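Protein chains in written order, with our numbering: chain A, 315 to 584; chain B, 2 to 277.
I have placed the structure first, in the form of structure tokens, so that the comments after it can refer back to it.
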Amino acid sequence: MAGISLVGIGKTFAQRSKGRDTVIKVLDDLTFDVADGEIVALCGPSGCGKTTALRIAMGLEAPTKGHITVDQRRVKGCGHDRGIIFQHAELLPWLTAKANVMFGLEMKGIRGSAASDVAMSYLDLVGLSASAERRPHQLSGGMRQRVGIARALAIDPGVLLMDEPFGALDAQSREGLQTELLAIHAKTRKTIVIVTHDLDEAVILADRILVLGEGRLQEVIDVRLPRQNRDSGTLRAAPEFTDARFRLWQALHRNTSPIMVSGNSTDGIV
Amino acid sequence: MALSNMTSDVEAIEETSSSVGKRVPNWVITTASVSIAVALWEIFGRDVNPIFGSYPSAIFVAFVKLLKSGQFLPAARDSAETLCLGYILSVIVGIPLGLLIGRFRVLEAAFGIYVVAGYAMPLVALVPLLVLWLGLGLSVKVAVIFLMAVFPVCINTWVGVRAVPRSLVDVGRSFVASDAVILRRIIFPAALPYIVAGVRLAIGKAVVAMIIAEFFTAISGLGGIIINSANNFDTATMFVPVVFLMAFACGLDALIGLIERRCMPWQAEIGGREGA
Numbered sequence: 315m316a317g318i319s320l321v322g323i324g325k326t327f328a329q330r331s332k333g334r335d336t337v338i339k340v341l342d343d344l345t346f347d348v349a350d351g352e353i354v355a356l357c358g359p360s361g362c363g364k365t366t367a368l369r370i371a372m373g374l375e376a377p378t379k380g381h382i383t384v385d386q387r388r389v390k391g392c393g394h395d396r397g398i399i400f401q402h403a404e405l406l407p408w409l410t411a412k413a414n415v416m417f418g419l420e421m422k423g424i425r426g427s428a429a430s431d432v433a434m435s436y437l438d439l440v441g442l443s444a445s446a447e448r449r450p451h452q453l454s455g456g457m458r459q460r461v462g463i464a465r466a467l468a469i470d471p472g473v474l475l476m477d478e479p480f481g482a483l484d485a486q487s488r489e490g491l492q493t494e495l496l497a498i499h500a501k502t503r504k505t506i507v508i509v510t511h512d513l514d515e516a517v518i519l520a521d522r523i524l525v526l527g528e529g530r531l532q533e534v535i536d537v538r539l540p541r542q543n544r545d546s547g548t549l550r551a552a553p554e555f556t557d558a559r560f561r562l563w564q565a566l567h568r569n570t571s572p573i574m575v576s577g578n579s580t581d582g583i584v
Numbered sequence: 002m003a004l005s006n007m008t009s010d011v012e013a014i015e016e017t018s019s020s021v022g023k024r025v026p027n028w029v030i031t032t033a034s035v036s037i038a039v040a041l042w043e044i045f046g047r048d049v050n051p052i053f054g055s056y057p058s059a060i061f062v063a064f065v066k067l068l069k070s071g072q073f074l075p076a077a078r079d080s081a082e083t084l085c086l087g088y089i090l091s092v093i094v095g096i097p098l099g100l101l102i103g104r105f106r107v108l109e110a111a112f113g114i115y116v117v118a119g120y121a122m123p124l125v126a127l128v129p130l131l132v133l134w135l136g137l138g139l140s141v142k143v144a145v146i147f148l149m150a151v152f153p154v155c156i157n158t159w160v161g162v163r164a165v166p167r168s169l170v171d172v173g174r175s176f177v178a179s180d181a182v183i184l185r186r187i188i189f190p191a192a193l194p195y196i197v198a199g200v201r202l203a204i205g206k207a208v209v210a211m212i213i214a215e216f217f218t219a220i221s222g223l224g225g226i227i228i229n230s231a232n233n234f235d236t237a238t239m240f241v242p243v244v245f246l247m248a249f250a251c252g253l254d255a256l257i258g259l260i261e262r263r264c265m266p267w268q269a270e271i272g273g274r275e276g277a
């Protein structure tokens with residue numbers, strides 16, 4: 315198990331448009347720590363760099379400045395200590411659900427029947443053991459995302475990074491998966507960083523919500539839901555839910571500066 | 002509620018019409034099309050001076066005569082050998098070359114231009130040179146076929162690699178896969194539809210190249226039959242290898258299509274015509 319820290323992360327992209335080179339500063343100086351076993355949500359206006367921050371944390375993108383530590387150790391590039399769940403699952407369409415989960419395991423050096431067994435146990439965890447032999451296009455959006463979660467969990471990373479994982483799903487699948495994610499978290503105690511623009515999702519899932527803006531950490535909102543009860547309805551009815559949601563709403567409105575939003579949407583495409 | 006009922010009814014109707022419906026199978030349409038074309042050729046081809054043209058039944062008679070004289074099968078075997086050698090070589094070289102050029106920027110900048118230029122190379126003009134280098138035997142013929150077929154394979158593979166979504170490559174990278182593993186297990190399967198398209202295009206190119214080679218090097222094989230019968234103004238006999246090769250290429254294409262559907266069932270799930 316491990317915590318993850320972003321230390322002084324900055325990221326600029328060079329973009330060439332109409333023959334002119336422009337430098338876009340997505341992240342300026344972003345620093346935050348996520349404790350072992352904690353769930354942290356990254357929120358902020360579109361283009362605030364939350365997806366870029368997550369990709370840098372994974373190692374898919376190199377920061378212009380600053381560094382990442384996992385479990386107090388500096389890391390560079392991708393590693394099996396972190397697992398990422400993409401917005402659109404990104405399963406390999408030519409592989410079955412099980413083979414997709416096994417792909418990650420094989421990259422970690424686990425092969426053959428050992429990989430097969432582990433893959434099946436994680437498909438079981440996300441409730442998909444009956445669909446193990448189906449290919450992604452034979453699965454619904456929610457099921458694909460479950461396979462994506464199983465694939466990331468199977469390599470047993472300390473930190474789970476999630477990039478708007480339920481954003482493309484319908485409301486019911488989304489709620490179902492949020493509840494399942496909390497159940498999985500209760501079982502595995504993974505450290506989770508989740509990027510979301512959904513206020514309810516951030517409050518339901520996260521222990522702390524980090525509001526980004528202008529490439530920096532603007533505000534931190536502590537969520538203190540009565541977690542011993544994991545029923546989604548009870549959580550939503552709790553006064554702490556309404557309170558945290560309202561504080562997040564206020565924070566997002568304070569930090570939506572029109573200058574940052576205009577021009578480019580760095581989220582998603584980079 | 003009423004609205005949702007309506008939409009589900011519409012969906013249900015569409016589903017029955019496409020899954021149960023009395024759709025004419027593809028092979029029936031193709032057979033009908035070919036039969037009509039052959040029939041028209043037969044009817045109108047008879048009015049043409051036999052030196053300037055021919056028609057199916059005359060070609061068939063010439064085919065039987067060629068078979069009986071023992072000329073056809075050795076010639077076909079001869080041609081098929083050269084064709085297969087050159088074609089397989091072009092696939093074996095073209096696919097890895099395209100993968101590398103498509104994947105690595107430096108290789109693309111360094112070698113891409115040769116591939117583009119090579120595709121437009123006027124090969125016929127270079128055949129005499131190739132003969133000087135390689136003689137008149139098998140090797141020059143294989144070289145001509147290879148040079149004609151390798152570029153469409155390579156270019157299609159290259160384009161296919163460039164079309165692979167970066168998000169799929171990110172999956173490999175996030176699991177710390179090596180470049181070689183990403184190339185083999187992600188790029189290659191993701192580019193496979195393009196690669197197969199290139200391999201199919203190359204069949205036609207290879208057949209044309211084979212005939213060119215048989216015309217301009219040692220006259221042999223099916224190309225030899227074509228040129229000899231053309232010189233004797235025996236147009237019907239000349240058409241025998243022409244029609245045979247076209248049919249052969251169609252057969253090879255159908256075979257690759259079959260392999261494609263067997264080995265890439267996911268492709269039919271992702272793309273294709275609606276209801277197909």
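Quick reminder that beta carbons are idealized off the backbone N, C-alpha and C, glycines included.
Note that this is a predicted model, so its numbers are computed, not measured.
If you draw a straight line from the Cα of Val243 of chain B to the Cα of Ile60 of chain B, it comes to about 10 Å. For Leu539 of chain A, same chain residues with a beta-carbon under 8 Å away, outside a window of 5 residues either side, are Val517, Ile518, Leu549, Ala552, Glu554, Phe555, Ala558 in chain order. At a cut-off of 9 Å, the C-beta of Lys390 of chain A has no neighbouring C-beta in chain B.
Here Gly252 of chain B is exposed, its C-beta having fewer than 16 other C-beta atoms within 10 Å.
Residue contact with chain A for Gly173 of chain B: present (Cβ-Cβ distance below 9 Å to some residue of chain A). Our two residues, Ile506 of chain A and Ile188 of chain B, have alpha carbons roughly 30 Å apart in a direct line. Nearest to Gln532 of chain A by alpha-carbon distance, out of A:Arg334, A:Ile353, A:Gly363, is A:Gly363. Taking the beta carbon of Val35 of chain B as reference, no residue of chain A falls within 9 Å; the closest one sits roughly 34 Å away.
Along the stretch 501-568 of chain A, the beta strand (DSSP E) occurs as fully enclosed runs of 3 or more residues at 505-509, 522-527, 530-536, listed in sequence order. Between Ile196 of chain B and the set B:Asp171, B:Ile228, B:Pro153, the nearest pair of CA atoms involves B:Pro153. One finds Val177 in chain B with Cβ atoms closer than 8 Å to the Cβ of Gly393 of chain A, taken in chain order.
By the C-beta density criterion, Ile469 of chain A is buried, having at least 16 other C-beta atoms within 10 angstroms.
Fully enclosed alpha helix (DSSP H) runs of no fewer than 4 residues occupy 73-104 of the stretch 64-119 of chain B, in order along the chain. Within the stretch 116-137 of chain B, no residue has a Cβ lying closer than 9 Å to any Cβ of chain A.
In the DSSP assignment, Asp347 of chain A falls within the unbroken beta strand (DSSP E) covering 334-348.
Within chain B, the residues placing a beta-carbon under 9 Å from that of Arg449 of chain A are Pro266, Trp267, Glu270, ordered along the chain. In its chain, beyond the 5 residues on either side, Leu419, Ile424, Ala468 have a beta carbon closer than 7 Å to the beta carbon of Val432 of chain A. Gly103 of chain B is classed as buried because its beta carbon has at least 16 other beta carbons within 10 Å across all chains shown. In the same chain as Glu489 of chain A, and ignoring 5 residues on each side of it, the C-beta atoms closer than 8 Å to its own belong to Ser546, in chain order. Comparing C-alpha distances from Phe480 of chain A to each of A:Leu406, A:Gly456, A:His394, A:Pro359 shows the shortest one belongs to A:Gly456. A Cβ-Cβ distance of about 5 Å is found for the pair Val384 of chain A and Ile318 of chain A, placing them in contact under the 8 Å criterion.
The DSSP-derived three-state label of Gly380 of chain A is strand. Here the alpha carbon of Asp521 of chain A sits roughly 13 Å from the alpha carbon of Asp514 of chain A.
Taking the C-beta atoms as reference points, Arg465 of chain A is found nearer than 9 Å to Asn414 of chain A. Neighbours of Ile398 of chain A across chain B, judged by C-beta separation under 7 Å: Ser175.
The Cβ atoms of Ser80 of chain B and Gly205 of chain B do not sit closer than 9 Å to each other. Restricting attention to A:Leu524, A:Leu320, A:Arg369, A:Phe560, the CA atom closest to the CA of Met476 of chain A is found in A:Arg369. Sequence-distant Cβ neighbours of Thr238 of chain B in its own chain, meaning closer than 6 Å and more than five residues away, are Ala63, Ser230. Closest option to Leu101 of chain B, judged by alpha-carbon separation, among B:Asp180, B:Met149, B:Lys23, B:Leu67: B:Asp180. Looking at the DSSP output, Ser140 of chain B bridges to nothing.
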